[in-house]
């Protein structure tokens with residue numbers, strides 16, 4: 033009987049060992065395949081071509097009057113073009129550029145004035161938001177420091193109203209900042225210094 037138990041235990045241990053061997057072999061194969069996959073990925077990365085540059089309207093610089101005149105001069109030098117037609121075009125481009133330059137200076141001045149006014153509005157609104165947040169913090173502390181604050185629904189309603197006012201002011205401030213960004217994307221986002 034004792035020999036039967038030993039034989040049974042030995043058979044079970046042998047079966048467990050044999051069952052574990054294919055798993056170890058599969059694990060070794062899996063490690064090899066992972067290493068090979070990494071090798072292939074590195075090779076593909078080396079052989080892949082770099083992406084070409086895509087030219088869009090955003091990457092191109094706008095034409096200036098000087099570039100237009102240079103292009104017109106180049107057209108004049110081309111054989112087979114009529115010199116009178118191209119000189120008329122040059123004169124038209126020059127006269128069109130002069131009033132455009134004056135009007136663009138006026139537009140630039142207007143835009144700068146709008147930007148400064150908007151920056152001042154942002155500074156004022158930021159002060160309002162800061163003041164209301166501080167007031168809300170004081171009221172909040174005052175309300176919750178009382179031992180019977182839960183019995184004061186009017187005080188809680190006042191706090192809720194103040195919180196909604198602060199949220200509304202923050203939204204207005206965000207809208208002003210968005211308008212400034214739309215008007216002048218490269219403008220400084222810092223509010224203008226307060227006028228005294």
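Residue numbers (my numbering): 33 to 228.
Each residue gets a CB set at the ideal place from its N, CA and C atoms; glycine is no exception.
The structure displayed is predicted, hence computed values, not measured ones.
Since I believe residue j is in contact with residue i (beta carbons under 8 Å), could you give me their beta-carbon distance rounded to a whole number of angstroms?
{"i": "residue 205", "j": "residue 161", "result": "6 Å"}
Ordered along the chain, which non-local residues of its own chain (more than five positions away) have a Cβ less than 6 Å from that of residue i?
{"i": "residue 216", "result": "147"}
{"i": "residue 68", "result": "none"}
Suppose contacts are defined by Cβ-Cβ distances below 8 Å. Is residue i in contact with residue j by that definition?
{"i": "residue 208", "j": "residue 150", "result": "yes"}
{"i": "residue 194", "j": "residue 171", "result": "yes"}
{"i": "residue 157", "j": "residue 213", "result": "no"}
Can you tell me whether DSSP reads residue i as helix, strand or coil?
{"i": "residue 48", "result": "helix"}
{"i": "residue 140", "result": "helix"}
{"i": "residue 147", "result": "helix"}
{"i": "residue 86", "result": "coil"}
{"i": "residue 170", "result": "helix"}
{"i": "residue 186", "result": "helix"}
{"i": "residue 74", "result": "helix"}
{"i": "residue 211", "result": "helix"}
{"i": "residue 116", "result": "Annotation note: pLDDT 49 at residue 116 (below 50); position unreliable, no value reported."}
{"i": "residue 191", "result": "helix"}
{"i": "residue 197", "result": "helix"}
Grab me the residues of residue i's own chain with a C-beta within less than 8 Å of its C-beta, minus the 5 sequence neighbours each way, in chain order.
{"i": "residue 197", "result": "164"}
{"i": "residue 140", "result": "none"}
For residue i, which residues in the same chain have their Cβ closer than 7 Å to its Cβ, ignoring the five residues on either side in sequence?
{"i": "residue 75", "result": "none"}
{"i": "residue 138", "result": "none"}
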